[in-house]
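Inspection log for the structure reproduced underneath, given as structure tokens.
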Amino acid sequence: MMPTHVAIIMDGNGRWAQSRGLERQDGHKAGAHRVRAITEACIDHGIEVLTVYAFSTENWDRPAGEVGFLLDLIPERLQAERSTIFEHQVRVRVLGDIAPLPFADRIAIENIVRQTRNHDTLDLNIAFNYGGRAEIVRALRQLIEDGIAADDITEELVSTALYTAGQPDPDLLIRTGGECRSSNFLVWQSIYSEFYFTETLRPDFTRDEFEEALQDFGKRQRT
Ligand code: IPE
Ligand code: IPE
Ligand code: MG
5 MMPTHVAIIM
15 DGNGRWAQSR
25 GLERQDGHKA
35 GAHRVRAITE
45 ACIDHGIEVL
55 TVYAFSTENW
65 DRPAGEVGFL
75 LDLIPERLQA
85 ERSTIFEHQV
95 RVRVLGDIAP
105 LPFADRIAIE
115 NIVRQTRNHD
125 TLDLNIAFNY
135 GGRAEIVRAL
145 RQLIEDGIAA
155 DDITEELVST
165 ALYTAGQPDP
175 DLLIRTGGEC
185 RSSNFLVWQS
195 IYSEFYFTET
205 LRPDFTRDEF
215 EEALQDFGKR
225 QRT
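Residues in the sequence shown are numbered from 5 upward in steps of one, following the working numbering.
See below:
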């Protein structure tokens with residue numbers, strides 16, 4: 005059985021670069037290029053939602069140069085993959101707050117989200133300036149602003165105020181790079197996700213290895 009929603013923490017760019025005597029930036033670049041093959045695999049396997057952790061609310065603590073590089077990477081990759089996104093009818097959604105981005109980048113991202121709104125092959129969620137706790141706080145604030153009475157706040161209602169509103173919870177959550185923690189990713193949505201951890205560093209995480217994770221998930225579902 006295939007998962008419906010796969011979420012990935014693609015970690016290990018820095019270590020990959022350092023082990024080759026390269027700059028961390030080179031690792032981020034190589035890692036970013038890996039998303040395409042994973043996206044294609046999801047389309048081929050009929051997976052409905054893919055969520056990729058691109059930049060966490062904690063990643064602001066990194067050196068300014070690295071932060072700047074990571075912030076530039078998202079609009080740049082979206083632009084580079086634009087024709088593929090349209091050809092495959094991928095719907096892009098951003099989970100997180102893009103307000104801190106430069107104006108031009110924000111507009112570029114908003115445009116692609118709007119223009120792909122009616123695509124129906126795969127939802128590609130890019131978790132950017134995303135934190136699971138921040139997402140829950142934002143959702144609760146929104147419900148309060150909407151005038152919802154305390155007694156009327158339910159789990160279902162909170163779910164509708166999250167960035168992932170309307171999407172199924174991830175049934176498979178993968179983390180590359182050897183760490184076995186969630187690092188504030190999909191805190192609300194992952195309570196029943198199957199976790200798959202691999203030592204493989206993000207720039208080495210190929211389609212083949214992604215498919216191994218899918219197979220492993222299928223086996224767990226059968227037992
Ligand atoms: C993951 O790679 C990418 C982001 C956090 C944006 P890291 O930069 O965390 O790489 P490591 O964990 O230091 O190897
Ligand atoms: C998680 O990786 C966030 C992303 C991959 C974007 P980190 O490398 O930032 O997480 P920690 O610091 O190991 O928890
Ligand atoms: Mg890391």
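By construction, the Cβ of each residue, glycine as well, lies at the ideal position given by its N, Cα and C atoms.
Take residue 123 as the anchor and find which of 162, 95 and 154 has the nearest alpha-carbon. 95
Residues passing the C-beta test against ligand 1 heavy atoms, cut-off 7 Å: 14, 15, 16, 17, 18, 19, 20, 28, 31, 32, 35, 58, 59, 60, 63, 74, 181, 205 and 206
What did DSSP end up calling residue 40 once you bin it into helix, strand or coil? helix
For residue 107, which three-state DSSP category applies? helix
Cβ-heavy atom distance, residue 81 to ligand 2, below 7 Å: No, the beta carbon of residue 81 sits no closer than 7 Å to any heavy atom of ligand 2.
Using only CA atoms, which one of 127, 39, 212 and 26 lies nearest to residue 13? Of the residues 127, 39, 212 and 26, the one whose Cα lies closest to the Cα of residue 13 is 39.
For a test of your reading of the model: does the CB of residue 97 fall under 7 Å from any non-hydrogen atom of ligand 2? Yes or no. Of the heavy atoms belonging to ligand 2, none sits nearer than 7 Å to the Cβ of residue 97.
Ordered along the chain, which non-local residues of its own chain (more than five positions away) have a Cβ less than 7 Å from that of residue 109? Cβ within range, chain order: 79.
Spatial neighbours of residue 41 in its chain, beta-carbon cut-off 6 Å, leaving aside the 5 residues before and after: For residue 41, where only same-chain residues beyond five positions count, the Cβ hits under 6 Å are 211.
Under three-state DSSP, which class holds residue 158? coil
Beta-carbon proximity list for residue 102, same chain, < 7 Å, skipping 5 on both sides: Hits under 7 Å: 110, 113, 132 and 133.
With 16 as the cutoff for other CB atoms within 10 Å, does residue 209 come out buried or exposed? buried
Same chain, Cβ closer than 8 Å to residue 77, neighbours up to 5 away in sequence not counted: Hits under 8 Å: 32, 33, 36 and 58.
Could you check whether the Cβ of residue 183 sits closer than 7 Å to any heavy atom belonging to ligand 2? yes
Smallest Cα separation from residue 15: which of 180, 185, 219 and 195? 180
Over the uninterrupted alpha helix (DSSP H) stretch that includes residue 17, give me the two end residues. 17-22
Using 10 angstroms around the beta-carbon of residue 167, count the other beta-carbons present and answer buried if the total reaches 16, otherwise exposed. Its Cβ being crowded by 16 or more others within 10 Å, residue 167 is buried.
On the three-state DSSP scale, how would you describe residue 179? strand
Hey, out of 195, 176 and 184, whose CA is closest to residue 163's CA? With distances taken between Cα atoms, residue 163 lies closest to 195.
Where residue 129 sits in the DSSP three-state scheme: strand
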